[in-house]
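In terms of the numbering used here, the sequence shown is residues 5 to 399.
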Amino acid sequence: MFDTLYEWFWWDRIWLPVNLTWADLEDKEGRVYAKASHLYVAVPYAFGFLLIRYMFERWIATPLAGSVGIRQRVHLKTEDKPILELYYTTQCRNPAQANIDGLSKKSSLSARQVERWFRRRRSQDRPGVLKKFREASWRFVFYLAAFIGGIAALYDKEWFYDSREVWTDFPKQSMLQSQYWYYILEMSFYGSLLFSITFDVKRKDFKEQIVHHLATLVLLSFSWCVNYIRIGTLVMLIHDASDVLLESAKLFNYAKWEKTCQTLFVLFAIVFMVTRLVIFPFWLIHCTWVYPVQHYPAFFGYYFFNVMLVVLLCLHIFWAYLILRMIRKFMFGTVSLLSQDNLSSFSGSQPFLPHGPLENLKNTDSPHLTSKQYGGQTMHSLFILMITINHSGLN
5 MFDTLYEWFW WDRIWLPVNL TWADLEDKEG RVYAKASHLY VAVPYAFGFL LIRYMFERWI
65 ATPLAGSVGI RQRVHLKTED KPILELYYTT QCRNPAQANI DGLSKKSSLS ARQVERWFRR
125 RRSQDRPGVL KKFREASWRF VFYLAAFIGG IAALYDKEWF YDSREVWTDF PKQSMLQSQY
185 WYYILEMSFY GSLLFSITFD VKRKDFKEQI VHHLATLVLL SFSWCVNYIR IGTLVMLIHD
245 ASDVLLESAK LFNYAKWEKT CQTLFVLFAI VFMVTRLVIF PFWLIHCTWV YPVQHYPAFF
305 GYYFFNVMLV VLLCLHIFWA YLILRMIRKF MFGTVSLLSQ DNLSSFSGSQ PFLPHGPLEN
365 LKNTDSPHLT SKQYGGQTMH SLFILMITIN HSGLN
């Protein structure tokens with residue numbers, strides 16, 4: 005039965021254009037083609053990335069954080085209350101008033117004591133700035149290296165300048181060594197992110213991150229197996245472009261270099277909108293949707309690949325919506341979104357508010373808030389919104 009399922013899964017008509025078989029993609033005549041077996045190495049490489057990350061964060065990122073004044077935050081441990089702890093871990097981290105009253109009776113504590121316990125317990129679980137700095141520094145180093153490597157691998161290729169060349173001689177396009185390493189390292193990195201996602205800083209878009217990482221790995225695997233490597237490298241490159249700026253902006257924010265942080269955020273927002281909402285749909289998806297059917301009839305793999313690209317596009321639109329919503333509130337003078345409660349809802353914590361421009365913004369309707377203060381606070385809060393979005397497409 006397993007053999008039958010295996011043969012059905014790899015049936016030529018599913019993944020390849022008509023009149024082509026897997027035999028046509030066997031190495032011959034000096035041409036080397038991508039094979040599914042090549043991807044197995046990405047699994048041990050992913051664990052290798054986790055080891056490298058551990059050493060990097062311990063011996064490079066942590067001393068770097070210390071040099072800019074970031075220290076490990078000491079958490080005050082909450083009192084041992086089994087009833088409250090059970091509710092916290094299995095039901096809700098922020099119970100409603102009715103639940104607080106019920107827990108108060110069960111635990112023989114006052115409602116105020118229960119509220120205080122949950123507040124301290126949430127604070128205990130919040131990741132410190134040092135953890136966020138180390139995580140952002142690791143991603144920054146990888147995205148920068150990947151982007152530079154992608155440019156080096158693509159700048160002299162015809163399809164980098166003319167998307168029609170992506171499909172020239174498809175699928176009989178020999179795999180290049182630069183393409184092999186670009187793919188394997190990207191897949192290994194995203195595999196490591198998937199393995200560590202439960203231990204990393206948990207953002208508001210946690211579920212979207214999982215969908216994104218899975219969609220990324222599926223897209224990379226599929227494009228590799230059916231020799232969609234040229235378009236795959238282009239998709240990876242445009243995603244890496246904005247992530248470099250995002251992670252660098254995070255680093256400067258944690259270090260409290262506000263002006264540098266804001267400048268990088270503006271650059272990030274521009275690059276994000278251009279690459280994810282312009283180049284990605286109108287050049288790359290257009291390239292995969294329109295040009296292939298000029299060479300061969302549409303088949304299942306053609307639709308599957310394009311649907312997965314649209315899934316990524318939907319995630320891009322979701323993240324862009326969060327940016328534009330905050331910008332709209334700013335333009336029309338609605339400042340309620342700047343409150344600490346609203347900001348914390350994006351990340352589940354308030355890691356930098358006590359030290360940033362929003363430190364004293366307890367009441368956003370304060371008549372003493374000057375336009376200059378409001379503008380600076382809004383810009384900072386807009387940035388905080390974006391750094392809670394751990395996106396990165398087929399990056």
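Backbone N, C-alpha and C define an ideal beta-carbon position, used for all residues, glycine too.
Remember, it's a predicted structure, so these values are computed and weren't measured experimentally.
Residue i - DSSP class collapsed to helix/strand/coil
i	result
Arg-35	strand
Thr-237	helix
Tyr-165	coil
Tyr-300	coil
Ala-259	coil
Val-314	helix
Val-170	helix
Val-133	helix
Ile-201	coil
Asp-160	coil
Val-275	helix
Arg-207	coil
Lys-176	coil
Leu-189	helix
Ser-112	coil
Tyr-184	helix
Leu-3	Residue 3 is absent from the model: the chain starts at 5 and stops at 399.
Thr-232	In the sequence as displayed, the identity of residue 232 is Tyr instead of Thr. Residue state, collapsed to three classes: coil.
Closest residue to residue i among the options (Cα-Cα distance)
i	options	result
Lys-136	Phe-164, Trp-287, Asp-204 and Trp-185	Asp-204
Gln-117	Ala-140, Lys-85 and Ser-178	Lys-85
Tyr-49	Leu-189, Ile-152 and Leu-29	Leu-189
Thr-292	Thr-264, Ser-252, Leu-250 and Asn-231	Asn-231
Tyr-186	Gly-236, Met-59 and Arg-126	Gly-236
Val-45	Thr-202, Ser-192, Lys-263 and Tyr-37	Ser-192
Arg-123	Lys-110, Thr-82 and Leu-241	Thr-82
Ala-273	His-299, Thr-172, His-243 and Tyr-300	His-243
Gln-183	Asp-166, Leu-55 and Asp-160	Asp-160
Leu-218	Gly-195, Val-275 and Ser-200	Gly-195
Pro-285	Val-311, Arg-35, Ser-225 and Met-179	Val-311
Asp-173	Arg-234, Lys-263, Phe-309 and Ser-127	Arg-234
Phe-151	Asp-247, Phe-308, Glu-11 and His-216	Asp-247
Arg-57	Leu-20, Ala-69 and Arg-138	Arg-138
Pro-21	Pro-301, Thr-264 and Tyr-307	Pro-301
Phe-53	Arg-125, Pro-296 and Leu-198	Leu-198
His-299	Arg-329, Glu-169 and Tyr-10	Glu-169
Segment limits, alpha helix (DSSP H) that includes residue i
i	result
Gln-128	115–129
Thr-292	290–294
Val-222	210–229
Leu-9	6–13
Ile-18	16–19
Contacts around residue i, its chain only, beta-carbon distance under 6 Å, and the 5 residues preceding and following it disregarded
i	result
Arg-280	His-320
Gly-379	Residue placement at Gly-379 is poorly supported in this model, since its pLDDT is 47, which falls under 50; the coordinates still yield a value, given next. Correct list: empty, nothing qualifies.
Pro-175	Asn-231
Ser-375	Confidence is the limiting factor: at Ser-375 the pLDDT is only 42, short of 50, which leaves the residue's position unreliable and the question unanswerable from this model.
Arg-120	none
Phe-276	Ser-246
Sequence-distant residues of the same chain with beta carbon closer than 8 Å to residue i, five excluded per side
i	result
Phe-164	Leu-158 and Leu-238
Ile-283	Ile-242
Leu-288	Ser-167, Ile-235, Leu-238, Val-239, Ile-242 and Leu-313
Arg-77	Gly-132, Val-133 and Leu-134
Beta-carbon contacts of residue i that lie in its chain and below 7 Å, excluding the five residues immediately before and after
i	result
Phe-322	Glu-212
Ile-18	Phe-304 and Gly-305
Ser-225	Leu-43
Ala-115	Ile-104, Asp-105 and Ser-108
Ala-2	One cannot answer for residue 2 here, as it falls past the ends of the chain, which runs 5 to 399.
Gly-153	Tyr-186
Check: residue i C-beta below 7 Å from any heavy atom of the ligand FAD
i	result
Val-170	Summarising the ligand content, the structure contains no ligands, and the ligand FAD is consequently not present.
Next item on the list: Could you name each continuous alpha helix (DSSP H) segment of 4 residues or more that falls completely within the segment 50–101, going from the start of the chain to the end?
Entry: Counting only unbroken stretches of 4 or more residues, the alpha helix (DSSP H) elements lying wholly within the segment 50–101 are 66–71 and 86–94, in sequence order.
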